[in-house]
Structure formats: structure tokens, C-alpha cells
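In the working numbering, the protein residues as written are 1 to 682.
Where is the CB? At the ideal position from N, CA and C, for every residue including glycine.
Every value quoted in this text rests on a predicted model; they were computed, and no experiment measured them.
As C-alpha cells, the structure follows; a few thoughts come after it.
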Amino acid sequence: GQAQQAAHGTSEADAPAWTVWLGTVLLMSSSCALEWTRLYRHEELLAGERAGGVLGYALGKLGMTWLGFNGSGVLWIALLVAGLALALRFSWLELAERLGERIEGLRDKHEAQREVAQDLRIGEQAAIERERVFEEVRHELPAEPIPLIIEQPIVEVPKSERVVKEKQKPLFAEMGDNKLPQIDLLDAAPGRMETITAESLEMTSRMIEKKLKDFGVEVRVVAASPGPVITRYEIEPATGVKGSQIVNLAKDLARSLSLVSIRVVETIPGKNLMALELPNAKRQMIRLTEILGSEVYHAAQSMLTIGLGKDIVGAPVVADLAKMPHCLVAGTTGSGKSVGINATILSLLYKAEARDVRLILIDPKMLEMSMYEGIPHLLCPVVTDMKQAANALNWAVGEMERRYKLMSKMGVRNLAGYNKKMDEAKARGELIPNPFSLTPDEPEPLDRLPHVVIVIDELADLMMVVGKKIEELIARLAQKARAAGIHLILATQRPSVDVITGLIKANIPTRISFQVSSKIDSRTILDQMGAEALLGMGDMLYMPSGTGLPVRVHGAFVSDEEVHRVVEYLKTQGEPNYIEGILEGGNLADEGSNLDGSPSSGGDGEQDPMYDNAVAIVLQHKKASISLVQRHLRIGYNRAARLLEQMEKSGLVSSMATNGNRELIVPQRGGEGGANAAPWDV
1 GQAQQAAHGT SEADAPAWTV WLGTVLLMSS SCALEWTRLY RHEELLAGER AGGVLGYALG
61 KLGMTWLGFN GSGVLWIALL VAGLALALRF SWLELAERLG ERIEGLRDKH EAQREVAQDL
121 RIGEQAAIER ERVFEEVRHE LPAEPIPLII EQPIVEVPKS ERVVKEKQKP LFAEMGDNKL
181 PQIDLLDAAP GRMETITAES LEMTSRMIEK KLKDFGVEVR VVAASPGPVI TRYEIEPATG
241 VKGSQIVNLA KDLARSLSLV SIRVVETIPG KNLMALELPN AKRQMIRLTE ILGSEVYHAA
301 QSMLTIGLGK DIVGAPVVAD LAKMPHCLVA GTTGSGKSVG INATILSLLY KAEARDVRLI
361 LIDPKMLEMS MYEGIPHLLC PVVTDMKQAA NALNWAVGEM ERRYKLMSKM GVRNLAGYNK
421 KMDEAKARGE LIPNPFSLTP DEPEPLDRLP HVVIVIDELA DLMMVVGKKI EELIARLAQK
481 ARAAGIHLIL ATQRPSVDVI TGLIKANIPT RISFQVSSKI DSRTILDQMG AEALLGMGDM
541 LYMPSGTGLP VRVHGAFVSD EEVHRVVEYL KTQGEPNYIE GILEGGNLAD EGSNLDGSPS
601 SGGDGEQDPM YDNAVAIVLQ HKKASISLVQ RHLRIGYNRA ARLLEQMEKS GLVSSMATNG
661 NRELIVPQRG GEGGANAAPW DV
């Protein structure tokens, strides 16, 4: 457009002067002729002689004759337009373009003003609608909100009589007959902490309602239960609101409230409510001395009572290992799992003497439980070698079978009944002989049997080193060891399905889960989600046997210095009485020579306790093969092969033929043997 204008401007400026005169002539001629053409019919009425003058008369009449009225009119108008442009030196095209630009600019300005006015009108309508919604919400809210029910937390745990007596200074030195450690060996609990104010609970409740309403979920907070670590808010969902909607909004709600995590409790027994567990701004330290010094722990009659920690309102939580009867513990690094195991062991040491409870501690890390070395409660030194750990479990299986035989012979159903019978016989001054003594002529008398607690700190490492045979041993102990007084506490960092197998989970219903890394791990250990939302540092979910609802417990903290003080005290009470042979066993690295007590290599097969049974099986089936002995005795391949080799040395079977078979060699009555002799009578 600018180039065109420049071109036009250049042509007009360079036009010769005669074009102006030509334009003037055309303008005058066409205007006069056009005037005559318009008024020639009324010439007699005009004052002059001719319409348009002489020039108009001449040109107009000529055009009328040649072109007629219409044609001449068009001609004179065209010449008038051309003459006007030439006389005034302008371009009709440039004039039209400038006029079009002006009109377009006016139109754009009008459109912009119209859009601004429309935006202002929409904004005013939105403001009016927003004000109307606020008015409706204001009218819907009650003038006085329903008061929040606040459950008062337990600020101070009632102390037991044992703590009160131990605090009293004796006038005379004690004789040292009390072998249980004193509570003052543990660090004292911290001072009383400030509780959450009612105003803060009310404000948080209203904020929960508002944030959930922003997400499209209407709830009403009806109660709040502040505790040492978390505060539980019980909520009542509105009609039509599903619990899964609130569960799916847990992370969004935690982010909107600036919290680390929020755990949603979908079911509260006895109530038609849900609950949200929010962490407190200030976390209270829970010491083991609060739990072990409580009246709940002191009043428990079981010698296997363990202190777990405090519940959400601060009440002590204790459990009976005899009723569990085994426990599965899981938790990531830093979740407080090792501290929880130490608290469990100390709970047992504070409740029972060495004659009542014995321990087998398996510690693959070589650090966590090595500090207990030398206490009188140990059945064997702290196990750090995984192959020795497998032998210890194998010994526990054998001990379980031995106890079952004793209880069956005594006519009792469990270890408590057996010990009661021993105490009654001792009170009468009687001695009950051992029916399975190796010296039947002079059998040794039976005595009380202690409970045996096996603690494994890292199950995954044990299964990785030893193999799947460990799973079978643990399953056997979990299935039958309860009545025999043998209990398992299994802990693992990685609760995957290859460690916590279905066989182990089916036989160990009691679970404790510290913080885990994912929902999958939580489902593996608890069969439900929730453990991934824990806070760590001892925060746990405890699921007792027979219930599908986990209980949130804040574990008690115990330091290494406290453990060392208790261990040093227990060492002064007596030396450990280790049982020989617990850590002895076959070479587990050998194929097939797993946990059946076979020699590690070589040796005389007749020394094997299975030798006579193997001979009887060979004579009964009139066939000598390794697979036959292995299948009937359920032993490994290497052990069965050694038994067959010893039978060959003893002259019972022949050497292996080229086809891999052995023949049964039976001696005749005269003492000579032959392949065709009659077989032995079994």
C-alpha cells in the first residue's frame, strides 16, 4: 500500500502542466454539457438564451444527437470525474484507499470498545453470582455450630506398686534375692508436655471441613482425641459420600493442611464414623520406663508380657506373646524397628527370670543384639552366623517334638499345665522320672520347662543365605510350637512376598508394621493399606491375632545406654547356662544335607541315628537305592548316599552295578552270604 501510494505520489508530482489545463477544459466542457442535458427542455423558462451557455448548447446537443439522453449523461459524468482529477492533481484510487482505511480504523475502534464493555458486563455478573452463592452458604450454616467433643488425653500414666517400692530407700542392704532388674535402670520419662488447646482443635476441625468441601466432599467433624504424637478427628460423611472418596483425598488434604501425611481410618468399631489421624506440631517422647512402670504392665500375669508403647490418647499398650503366639515385624530403615525389638526384649527381661524364659537371639547385622551377650536368659550365644541360625531353628523343632512327647506322656495340653504338674509334685515332695531317659534303670527327674523366645532381626538375610528350608522350619514352629512354649518374633526390613511368604503369613497372624515405603509393602505385612502413612521413629500399626483392624501404637524409645545398664545388672545375677549342640549341625552348604543333623562330611554311617531305620526300609522293600531311603526317611541325598555306602561296607548290599542298581546281600544261617540266599525277616 505504501509502495502504491509512493508510486501515485511520484506520478502526480511529475505530471506536466498541460494536464491541468486539459483537466480544466474537460471539467468546464463536461459540466456545461451536463447542465444543458439536464435543462434543455425548459430553456423557454430560463432567463438566458441557452441552458449551459454556448459551450453547453453545442456539446450537449451533439451528444444528445449521437448518444441519446442516457449515453450522453454517462459520457459527461465520466469526463467530469476525469477532468476533476486532472485539474486538481489527485487520484480517485488513492482517495478510495484512504477513505477505506479510515472506515476500517473506526470499525476496529468500535469493536474494541464493544469487547471491553462485554468483559465488564461479564465481570459484574460473576461478582453478583458469587455474592449470591456466599449469601446462600451463609444462610445454610447454623448460627451456632455443633460443639466439638474433645476426649481428654492421658497426660500421666498411673505408676505401679513396683515403681513406688523401688523408689523407697531400704534401711538395710538387700540380700539380692530379687533377680528382676529395677525400673530406675531406665531413663526417666520427660516432663509433662503441653496439651493441644480446645481452640486449636476447633480451628483444625473447621479447616478440615472447609478443605474437604473445596474438594467436593462434605463432612462434619464430631470429635477430637489429642494424643502424644497424633490427634484423631472423627468425621461423619454427608449422605451419599463414599469412604473411598475421603481415602483418595488423603494426600491432597495433607498438602492443603501443610502436613507430612494423614492416615484415614475407614472403620471405627461400634461407630458409623470415619477418622483422620493428623500428626501433632510437637511430638512427645515416649520412654520405655513409662510402659514398664505402668499398672497395666505390672498387673499382667503372663511372663511373656511385652510393652509396645502408647495408643493415640496416651494409654500404655501391652501384649501377651503367649497369646499371639508368634509375631511378624516389618519396617524400613529408620522406622524404629530395631528399637522396638530392644523394647520387646527388655520387656521380657523385666517380667521373667532366666528359669522361666530363655532366649535365642539371631542377629545377622552383628550389632543390634550383640549387647545382650552374657545374660543368663540366653540358651546359646547371640547367633550371627546364618548357618548356625538355621541349626538353632532345627534344634527348636527337635525341642518342640521332645516337649510334645513329654506333655503327651504327662497327660497335659500345654506347657503351663506341664509346669503346674511339676510344681504340684515338688510341693508334695515327689519326683517325676523322665519316661524317655537314656538310662531307664536310673532315670533323671523331670523339672520345669522354660518358655523359649526366638528373635530373628533380619529374616530376609537368613532366607537368602540358608534357603527355603528355613521357611519350612519356621512354618513348623509357627504351626505347633505354641503349646510347647516356643515363640517366634520375626523382623524384616523388606516385607516382600519372597520373604514373608504365604506359608509364613498363614501361620503368624499377629503383625506389627512400622513405616514402610509403599502401599504394596503395607498390603504384604498387614493385608491392607495404612503403614505407608505412618510417621516413623517408632510409629506402628499393631494387628492382634484374630482381628482385621490394626491399632495405632507409638512405640517406646530405649537407648543403647539403657540396654547396657540392664545387661550389666543381669550379668551380676548369674552366668548363662548354654545348652550344648544348639548351634551344631550338618554342613548346610552341602546339597541335601540341610537341617536334619547329619554329619558335615564323611564319618561312619552307623553313627547316624537314621542308620537302623534305613536298614529296615531296605530289608522291607528288598531294594537298595538312595532315592528309596531318601523318600521314606525324608533326608537329603548326601546323607542317604552315606547310609547306603555304610550298608555296603557292612555287607548288607552290593556295590553299585553298571546299571546303577545295588543287590541285597543276605547272610545264610551258617554265616556265609550269597546273592541267592533267603531274605531277612523284618
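Item to check | Burial state of PRO450 (16 or more Cβ within 10 Å) | outcome: buried
Checklist entry - Hey, how far is the Cα of MET529 from the Cα of LEU541? => result 11 Å
Next on the checklist: Between GLU277 and ILE246, how many whole angstroms is the CB-CB distance? I'm expecting something under 8 Å.
Outcome noted: 13 Å between Cβ atoms; not a contact.
Item to check | The alpha helix (DSSP H) enclosing GLU277, as first and last residue numbers | outcome: Careful: GLU277 lies outside any alpha helix (DSSP H), inside the beta strand (DSSP E) at 274-279.
Next on the checklist: If the criterion is Cβ atoms closer than 9 Å, does the pair ILE454 and LEU359 meet it?
Outcome noted: yes
Checklist entry - CA-CA distance, THR524 and VAL497? => result 7 Å
Checklist entry - Starting from LEU490 and walking both ways along the beta strand (DSSP E), at which residues does that stretch end? => result 486-492
Checklist entry - Which class does LEU26 belong to by DSSP, given the choice of helix, strand or coil? => result helix
Next on the checklist: Please state whether the Cβ-Cβ distance between LEU34 and GLY73 is less than 9 Å.
Outcome noted: yes
Item to check | Counted within 10 angstroms of its Cβ, other Cβ atoms place ARG206 as buried (16 or more) or exposed | outcome: exposed
Checklist entry - For TYR578, which three-state DSSP category applies? => result coil
Checklist entry - Any idea what DSSP makes of ILE626, helix, strand or coil? => result helix
Next on the checklist: On the CB-based measure, 16 or more other CB atoms within 10 Å of its CB, does HIS564 come out buried or exposed?
Outcome noted: exposed
Checklist entry - CYS327 bridges to which residues according to DSSP? => result ILE489 and THR510
Checklist entry - If you draw a straight line from the C-alpha of PRO228 to the C-alpha of MET285, how long is it? => result 8 Å
Item to check | DSSP-derived helix/strand/coil call for ARG220 | outcome: strand
Next on the checklist: Need the endpoints of the alpha helix (DSSP H) that TYR418 sits in, please.
Outcome noted: 415-427
Checklist entry - First and last residue of the alpha helix (DSSP H) that includes ASP461? => result 459-466
Checklist entry - From LEU643 to ILE635, what does the alpha carbon distance come to, in whole angstroms? => result 11 Å
Checklist entry - Between which two residues does the beta strand (DSSP E) containing LEU541 stretch? => result 539-543
Next on the checklist: I'd like to know if LEU570 contacts chain B, where contact means its C-beta is closer than 9 Å to some C-beta of that chain.
Outcome noted: The chain inventory of the structure shown lacks chain B, comprising one protein chain alone.
Checklist entry - Alpha carbon to alpha carbon, what distance is there between ALA624 and ALA640? => result 11 Å
Checklist entry - Residue range of the beta strand (DSSP E) that GLY243 falls in? => result Here GLY243 belongs to no beta strand (DSSP E); instead the alpha helix (DSSP H) covers 243-248.
Item to check | CB of ASP184 within 9 Å of CB of SER559, strictly | outcome: no
Item to check | CA-to-CA distance, ALA330 to TYR404, given in whole angstroms | outcome: 31 Å
Checklist entry - Which term fits THR333, buried or exposed, when burial requires 16 or more other beta carbons within 10 angstroms of its beta carbon? => result exposed
Checklist entry - Whose C-beta lies closer than 8 Å to the C-beta of ARG413 among residues of the same chain, with five residues either side of it excluded? => result MET407 and ALA483
Next on the checklist: Quick check: what's the CA-CA separation for ILE665 versus MET656?
Outcome noted: 12 Å
Checklist entry - Quick one: Cα of ALA224 to Cα of SER256, how far? => result 20 Å
Checklist entry - Roughly how many angstroms lie between the CA atoms of HIS632 and VAL452, to the nearest whole one? => result 31 Å
Next on the checklist: Quick check: ARG448 and ARG355, are their CB atoms within less than 9 Å of each other?
Outcome noted: yes
Checklist entry - Along the chain, where does the beta strand (DSSP E) that runs through LEU186 open and close? => result Counting along the chain, LEU186 falls outside any beta strand (DSSP E), and DSSP gives it neither H nor E.
Checklist entry - Rounded to the nearest angstrom, how far is the Cβ of ALA556 from that of GLY307, given a contact under 8 Å? => result 6 Å
Next on the checklist: Checking 9 Å against the spacing of the C-beta atoms, do VAL20 and ALA78 come in under that value?
Outcome noted: no
Checklist entry - Roughly how many angstroms separate the alpha carbons of LEU583 and GLY340, rounded to a whole number? => result 26 Å
Next on the checklist: So GLU471 and MET463 are supposed to be a Cβ contact under 8 Å. How far apart are they, rounded?
Outcome noted: 7 Å
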